[in-house]
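*Asks:*
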Amino acid sequence: MKRFIFLALSAVMILSGCSKEGNFNNIGGEYGTVSIKLASDGRFVTKSGENVDVNAFYVKIKQGETTVKSYDRYSDMPNTIDIAPGSYTIEAGSAAAADAAWDQPVYYGTQQFDVKAGDVLSLSVTCSLSNMKVTVTCTDNFFNEMEDDFEIAITNGKGTLIYNKAKIEAGESGYFSVGTLTIDLTAKRKGTGDKIIDHRSISDGAAKDHFILNFDAVLTGEIGLGANGITLDYTLNNREEHIIVPGEDETPVDPDPEDEYLPAIGGNGIEDSPITLSKAASSATGFAMTVDVNIATLNSKTIDNILVTISGPESFVSAVNMLGLGGEFSIVDFSGTAGEARKEKLVGLGLIEDPSVSQIKGTSNYTFSIGSFMGPLAAITFAGDVVNFKIKVIDSDNKEASATCTINIVE
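Taking the numbering used here, the leading residue of the sequence shown gets 780, the next gets one more, and so forth.
(1) What span of residues does the alpha helix (DSSP H) with asparagine 1084 cover, start to end?
(2) Taking asparagine 923 as part of the alpha helix (DSSP H), name the residues at either end of that continuous run.
(3) For asparagine 1047, which residues of its own chain have a beta-carbon under 8 angstroms away from its beta-carbon, when the five flanking residues on both sides are left out?
(4) Decide if the segment 842-854 is in contact with the segment 862-876; the criterion is three or more beta carbon pairs, one per stretch, under 8 angstroms apart.
(5) In or out: serine 909 buried (at least 16 other Cβ within 10 Å) or exposed?
(6) Determine the extent of the alpha helix (DSSP H) in which alanine 1098 is found, giving its start and end residues.
(7) Have a look at Gly972, Ser952, Val957, Asp977 and flag the residue whose alpha-carbon is nearest the alpha-carbon of threonine 965.
(8) With DSSP as the reference, identify every bridge partner of methionine 856, one or two as the case may be.
(9) Leaving out five residues on either side along the sequence, give the residues of the same chain with a beta carbon under 6 angstroms from the beta carbon of aspartate 973.
(10) Would you mind reading off the limits of the alpha helix (DSSP H) that contains alanine 945?
(11) To the nearest angstrom, report how far apart asparagine 802 and valine 813 are at their CA atoms.
(12) Using a threshold of 8 angstroms, state whether the C-beta atoms of glycine 811 and valine 894 are closer than that.
(13) Pull up the CB-CB distance for lysine 987 and serine 952, whole angstroms please, since I reckon it's below 8 angstroms.
(14) Could you give the DSSP three-state label for methionine 1153: helix, strand or coil?
(15) Are tyrosine 867 and serine 819 closer than 8 angstroms when you measure CB to CB?
(16) Under DSSP, the beta strand (DSSP E) around glutamate 1132 begins and ends at which residues?
(17) Specify the secondary structure class of asparagine 1047 as computed by DSSP and reduced to three states.
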């Protein structure tokens, strides 16, 4: 089973997209013949300016640090390529890749392959979004309170974009390479001329995140992120981040009494107790590791759904996406054709038992065991990588709670 899982994670599945196919004319010769197919994975929005055209992607074939074949555009690449025997890496992606730029989603994909004399290879490379998107909105209260020359400077430490009123009203979005985002507002209040300065940072951004920053003028007259705080576009990475800046005259409100009956999530690797996974230990014969996330519903409620989001290094996430487990997926609801396929994959990987034998929905306790995933995970990650399993539990009263199981990869 472990070998099956590893092969499943490592395999490159054929995805829809623009492909290059042709006649292989070097069979049995001293070279190998390679045909490459590109596909893109994920889009931030459906805005026409951000449509993905893989024909414009660059393609490089490298041997170590040496580039042996290079094409500025995928559309200019021949249908097949004759290449000497050896080990190679394909890199492909967006030609423009500034650390901070307007309207610049960046795609990147890579794959390793080996060529032997006479080989005929058909390769598929998926290019995934590798940067973060930031959209700024302002309420009418903000525009009415602030002079029009306000500026919101956002940087990831490598590049800075200035959001002013014109750009915000035009709906322009900035794109940043992954890193800590620092947000600085400089404004003046209408009438009084009082200077307003607000500073904050977001330290855990990841590829495919879409941050939507809503600025509002709160009742005390101070400026901060509005009641909706920072939210994320759910179509790619499912995360929730809320930052509420209260006014000076606001009184804290007691939490909803029902919050004490939210689902409880605990177990290995949860929150402040990350798991350490050794690559050396995982390669040993008979390796086994217990990683159990324990879920319980309270106050006589039951489990309605469990949603999982797997995040980590780009290569690992690409493999997960190709298994059909990208983004947020349910381990309880398998309705539809896609759900059936996901169920078979989860059962095959040993992540859940067959629901026809062990039903999750309607129970009050469940242990999500992901230990069988640790060996393959270690095999396709590197020392220093961090992999997260975000678990969201929804109970029969539609109350929900989330927690993250963190795995640190070491040599």
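Glycine is no exception: its CB is placed at the ideal position from the N, C-alpha and C atoms.
*Replies:* Quick look at the numbers:
(1) Not the alpha helix (DSSP H): asparagine 1084 falls in the beta strand (DSSP E), residues 1082-1090.
(2) 919-924
(3) Ile1054, Thr1069, Val1070, Asp1071, Val1072, Cys1184
(4) yes
(5) buried
(6) 1093-1101
(7) Asp977
(8) Paired residues: none, contrary to the question.
(9) none
(10) 944-948
(11) Here the model assigns asparagine 802 a pLDDT of 35, short of 50, so the residue's position is not dependable, and the following value carries that caveat. Distance between the alpha carbons of asparagine 802 and valine 813: 11 angstroms.
(12) yes
(13) Rounded, the Cβ-Cβ distance is 14 angstroms, inconsistent with contact.
(14) helix
(15) no
(16) Where glutamate 1132 is concerned, there is no enclosing beta strand (DSSP E), given that its DSSP letter is neither H nor E.
(17) coil
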